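What follows is one structure encoded as structure tokens, with my remarks underneath.
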């Protein structure tokens, strides 16, 4: 079965500084793919490029970017607008800033329904109430009339998840969806995400630095370091027998509740130095690769 | 004073001014042009030699000051509303375009604003008055032509800030096009700033009208405006200081009222500010 998303040799440069190098990803339908790495590894940038949100001065090229077999490179602005929100959606990193502060929840939820599904005002409202019920929000009718600042962070993230799932997209990019939340709320949100994902068989690109979350949630994992993917494997494989030295170091640097006595090891500087020189030796964009 | 009271005070005063301006012929005790050469330089009623006939006294030609102030409100209100709204719409439209689309459009508009602001504003309005002839429409045009840059620059800067916000990125990811984002994400967030600027501009417009009247570039001499009253009063400031002081007081209170209204409305209209008040 062909993957929902296939990326090959994705390069991104800002001011001649390589940010992403030869990134490759493949996500099968209904699968959760974790993208892990330290801060600055380029995880978020991969998600942004997929959604066309890369900075204006970024130069992107790729040998292949296919979504359900369709080439995303050189897609017209119109076609991209039609696809975003309907086929590919985003769950943003920070629920506190991702909702428009001066608009009520209702239009923010119904915009996407009305635009992509062509629903009328009343039908979109009905649908929004159903979606809010799906994400376990009580009194959805009242919440629709509220402003974002009247809701808690967990509530706002639920709303954003509801918006992401609104049009039953085939792929959702979840960019650290729980980082900005309390640990207790995180757990509920992740459970909810997993439920909806299973119910709708949505593929998710789950960007995070939290290996614990990856272990619980993801089917496959790609480990990023310095703008490239150093290891990609199934989650079970990766945690049982990490192949790459960096993956092992990353795992050793993570607290584990099943081994409380272990001391945490920082990632050795010798390793990062070695990886940096390796990365510098990597070839740049293939000359023939199409600019994005 | 809290936001609600500020808005109430400003709104009430401006409403009163508007009623006075519209119903001036009914309210004013005298014809503002009627001369009574036997009773010139009468002081206001509470001073010595004041008379109940002329509550705020008379000027050098024996015209009733109160009536002239009431008729003067017509020019002030017209200019404040029409000029400020037109300047605001023009400047905001260009500011939105420049900030949102960036690139060449931004460069073109921003350079235009810079060049525009290099003209000395008073000289520009004198030239305009000379070309267009004196009259209220000249004052309005002069204010619009000069002050749209203020809106343009401030709105552009705010749009740049808004454009980098997460909710604009979120709107992009649900496939909203540029027009929809401008309308539903950016415009509502810029609106409070627009209201503030508009109220500032109304105050400025009242002052500019007075300045142009003072310079004799506003309306014809037979129409009473606060600026022309100040200009006439200046010649007799030693004999009859109130001829200058009373229209000045009108201008000051009106400008304060516009600021209070703008401030109050902005706070009341902005959900974020509303929260901080709770």
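Protein chains in written order, with the working numbering: chain B, 7 to 298; chain P, 228 to 505. Glycine included, every Cβ here is placed at the ideal spot set by N, Cα and C. Fair warning: this is a prediction, and the values are worked out from it, not measured in the lab.
Checklist entry - Interface residues of chain P around residue 117 of chain B at Cβ under 9 angstroms? => result Within chain P, the residues placing a beta-carbon under 9 angstroms from that of residue 117 of chain B are 398, 401, 403, 407, 411, ordered along the chain.
Item to check | Among B:22, B:186, B:92, the one whose alpha carbon lies nearest that of residue 158 of chain B | outcome: Shortest Cα-Cα distance from residue 158 of chain B to any of B:22, B:186, B:92 involves B:186.
Checklist entry - Curious, which full-length alpha helix (DSSP H) runs of at least 4 residues does the stretch 45–102 of chain B contain? => result You should have 49–56, 83–89.
Checklist entry - Using the beta-carbon count (16 or more within 10 Å), is residue 139 of chain B buried or exposed? => result By the 16-neighbour rule on beta-carbons within 10 angstroms, residue 139 of chain B is exposed.
Checklist entry - Per DSSP, which one or two residues make a beta bridge with residue 43 of chain B? => result Paired residue(s): B:230.
Checklist entry - Counting only beta-carbon atoms, is residue 415 of chain P nearer than 8 angstroms to chain B? => result So, interface residue.
Checklist entry - By a C-beta neighbour count over all protein chains shown, 10 Å radius and 16 as the cutoff for buried, is residue 183 of chain B buried or exposed? => result Under this definition residue 183 of chain B is a buried residue.
Checklist entry - In chain order, what residues of the same chain lie with their CB nearer than 7 angstroms to the CB of residue 319 of chain P, ignoring the 5 residues before and after it? => result Closer than 7 angstroms at the Cβ level, and outside the excluded window around residue 319 of chain P, lie 378, 382, 421.
Next on the checklist: Cβ closer than 7 angstroms: which chain B residues qualify as neighbours of residue 392 of chain P?
Outcome noted: For residue 392 of chain P, the C-beta contacts it makes with chain B under 7 angstroms involve 103, in order along the chain.
Next on the checklist: Taking 8 angstroms as the threshold (beta carbon to beta carbon), is residue 497 of chain P in contact with chain B?
Outcome noted: Chain B contact via Cβ: present.
Next on the checklist: Can you check whether the C-beta of residue 108 of chain B is within less than 8 angstroms of a C-beta belonging to chain P?
Outcome noted: Against chain P, the CB of residue 108 of chain B has a partner CB under 8 angstroms away; the residue lies at that interface.
Item to check | DSSP three-state assignment for residue 359 of chain P, whether helix, strand or coil | outcome: The answer is helix: DSSP assigns residue 359 of chain P an H, G or I state.
Checklist entry - Fully enclosed by the stretch 293–320 of chain P, which beta strand (DSSP E) runs are 3 residues long or longer? => result Taking only runs of at least 3 residues, no beta strand (DSSP E) segment lies wholly in the stretch 293–320 of chain P.
Next on the checklist: Could you check whether the Cβ of residue 182 of chain B sits closer than 8 angstroms to any Cβ belonging to chain P?
Outcome noted: It does not; no Cβ of chain P falls within 8 angstroms.
Checklist entry - What residues in its chain sit with their C-beta under 7 angstroms from that of residue 92 of chain B, if we drop five residues either side in the sequence? => result These residues qualify, in order along the chain: 122, 173, 175.
Checklist entry - Mapping DSSP to helix, strand and coil, what is residue 209 of chain B? => result In this structure, residue 209 of chain B counts as strand in the three-state DSSP scheme.
Item to check | chain P residues whose Cβ lies nearer than 8 angstroms to that of residue 87 of chain B | outcome: Here the neighbours are 402, 403, 404.
Item to check | CB-CB length for residue 228 of chain B against residue 31 of chain B, believed under 8 angstroms | outcome: Their Cβ separation, rounded to whole angstroms, is 6 angstroms, which keeps residue 228 of chain B and residue 31 of chain B in contact under 8 angstroms.
Checklist entry - Which residues mark the beginning and the end of the alpha helix (DSSP H) in which residue 248 of chain B is found? => result In the DSSP annotation of this structure, residue 248 of chain B is not part of any alpha helix (DSSP H), being labelled neither H nor E.
Item to check | Between the CA atoms of residue 362 of chain P and residue 258 of chain P - distance to the nearest angstrom | outcome: Taking the CA atoms as reference points, residue 258 of chain P sits about 21 angstroms from residue 362 of chain P.
Item to check | Best match in B:234, B:177, B:258 for proximity to residue 245 of chain B [C-alpha to C-alpha] | outcome: Nearest to residue 245 of chain B by alpha-carbon distance, out of B:234, B:177, B:258, is B:258.
Next on the checklist: List, in chain order, every chain P residue whose beta-carbon is nearer than 7 angstroms to that of residue 161 of chain B.
Outcome noted: Around residue 161 of chain B, no beta-carbon contact reaches into chain P at under 7 angstroms, the shortest distance being about 15 angstroms.
Checklist entry - Can you pull the DSSP bridge partners for residue 155 of chain B? => result Looking at the DSSP assignment, residue 155 of chain B forms no beta bridge with any residue, so it has no partner.
Checklist entry - Using the rule of at least 16 other Cβ atoms within 10 Å of the residue's Cβ for burial, across every protein chain shown, is residue 347 of chain P buried or exposed? => result With fewer than 16 Cβ atoms within 10 Å of its Cβ, residue 347 of chain P is classed as exposed.
Checklist entry - residue 26 of chain B: buried (16+ other C-beta within 10 angstroms of its C-beta) or exposed? => result Residue 26 of chain B should be labelled buried.
Item to check | DSSP state of residue 505 of chain P mapped onto helix, strand, coil | outcome: Note on residue 505 of chain P: pLDDT 40, under 50, position unreliable in the model; the coordinate value appears next. Here residue 505 of chain P sits in coil by DSSP.
Checklist entry - Distance, Cα to Cα, residue 325 of chain P vs residue 331 of chain P? => result Taking the straight line from one Cα to the other gives about 9 angstroms.
Item to check | Range covered by the beta strand (DSSP E) that runs through residue 181 of chain B | outcome: In the DSSP assignment, residue 181 of chain B falls within the unbroken beta strand (DSSP E) covering 177–181.
Checklist entry - Can a CB atom of chain P be found closer than 8 angstroms to the CB of residue 169 of chain B? => result Yes - at least one Cβ of chain P is within 8 angstroms of the one on residue 169 of chain B.
Checklist entry - For residue 486 of chain P, which three-state DSSP category applies? => result The answer is helix: DSSP assigns residue 486 of chain P an H, G or I state.
Item to check | DSSP state of residue 171 of chain B mapped onto helix, strand, coil | outcome: Of the three classes helix, strand and coil, the one that applies to residue 171 of chain B here is helix, per DSSP.
Checklist entry - What in chain P is Cβ-close to residue 233 of chain B, meaning under 9 angstroms? => result Correct list: empty, because the minimum Cβ distance to chain P is about 21 angstroms.
Checklist entry - Going by DSSP, which residues form a beta bridge with residue 23 of chain B? => result In DSSP, residue 23 of chain B forms a bridge with B:20.
Checklist entry - Can you name the residues of chain P whose CB is closer than 7 angstroms to the CB of residue 51 of chain B? => result Within 7 angstroms Cβ-Cβ: nothing; residue 51 of chain B doesn't reach chain P, min ~13 angstroms.
Next on the checklist: Considering Cα atoms alone, identify which of P:408, P:469, P:495, P:453 is closest to residue 301 of chain P.
Outcome noted: Of the candidates P:408, P:469, P:495, P:453, the one whose C-alpha sits nearest the C-alpha of residue 301 of chain P is P:453.
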